[in-house]
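Chains as they are written, first to last, in the numbering used here: chain A, 1 to 204; chain B, 1001 to 1123. Using N, Cα and C, we set each Cβ at its ideal position, and we do this for glycine too. All of these numbers come straight from a predicted model, not from anything done at the bench.
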Amino acid sequence: MAVDEGLKIELGKQGVLVTSLQELYNWGRRNSIWPMQFGLACCAIEMIATTMARYDLARFGAEVFRPSPRQADMMIISGTVTKKMAPQVVRLYNQMAEPKYVIAMGACAISGGPFKQGYNVLKGIDRYIPVDVHIPGCPPRPEALLDAFITLQKKIDGQHLTGEGRPRHLDAEAQGEFPVPVQGEHDLEPASNPGVWTVPVVIR
Amino acid sequence: MASSPYFSLAVLFVAALCFGLTPLALAWLWAQVYSPAKPNAIKNAIYECGLESKGDAWVQFRSAYYLYAIIFLIFDVEAVFLLPFAVAFTGLGLAACLAMLVFVLLLVEGLAWAWAKGVLTWA
Ligand code: SF4
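Next up, the structure:
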């Protein structure tokens, strides 16, 4: 059923548009990513700047920041995730409708950043939820966030509707729940979600 | 049947129904085939900015809030009526003055009552 790429271009030159359901679906999805309106720390300021006229996130169809996870497709973890905030972040991620994507923006969201040694900062949100795109920087410039968007769009474009390795939302068997950590005596419990991230063994 | 004056209306009505229902049906079909629902307890929980919601949303507010309403009436609505009264004061007759006095006294009575009840001491 698949139409050869070269033939498609040839037909396009003749004014014939050939597409597949999957392409149409992904084209629609990647151009209407609605992010969740949710900022955590200084990186959020850059995220806000990205939506404004100068950088204009609307060019990618992603300017509709939603105030509710029920209407959002993507979560930008824009800033420091403290251990107090982490359960809320994970719960919000859970409450988003499938398909959902995550961009970890900035050093803090990736690894704890400048506060990595702090007692109350989570060392990377990918311990609890699957992150699609990481952007380094402290803070990343708006261009970097735009780059993350484009990367995510490419990722969505490449997703298959059926078969092995199809995304979670198309797979009836795939788990959709990501346990929310609770405040333990000294740390969040569990310290990570083993289905998402395994704690590396430190060899001394 | 086709000669009935309402026939074209019926056709248009059916067409309008299809116009609305077809996209819905297609979306439903798409969801059935491609997008299996993944409900779970966390996802279906009430959205409260990421926090767990406590208690019930169906709570009763204390009826004692009517006191605020009365005080609002005294301080706010009174000012609204007093302003035109003050502007036109020099040209007013005795009857108008008396009517205004009754109005103000009624509100003063409410104020005195609220005062006596201790509403003015903000806890
Ligand atoms: S990465 Fe830097 S700019 Fe971003 S939240 Fe952390 S400290 Fe702030």
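Between the alpha carbons of VAL1087(B) and VAL1119(B) lies a gap of roughly 32 Å.
In the DSSP assignment, ALA104(A) forms a beta bridge with ILE77(A), HIS134(A). None of the residues of the region 1065-1099 of chain B has a beta carbon lying less than 9 Å from any beta carbon of chain A.
In this structure, DSSP gives THR162(A) a state outside helix and strand, which the three-state scheme calls coil.
For SER78(A), not one C-beta of chain B is nearer than 8 Å to its own C-beta. Put simply, the CB of GLY1118(B) is far from chain A, with every gap to its CB atoms at 8 Å or more. The three-state reading of DSSP puts GLN88(A) in helix, counting H, G and I together. With its beta carbon at least 8 Å from every one in chain A, LYS1054(B) lies outside the interface. Less than 8 Å divides the Cβ of VAL81(A) from the Cβ of ILE125(A). In the structure shown, GLU189(A) falls within a strand segment according to DSSP collapsed to helix, strand and coil. PRO35(A) sits in a strand when the DSSP states are folded into three classes. For THR51(A), the enclosing alpha helix (DSSP H) has its first and last residue at 42-51. DSSP places MET1100(B) inside the alpha helix (DSSP H), whose first and last residues are 1094-1117.
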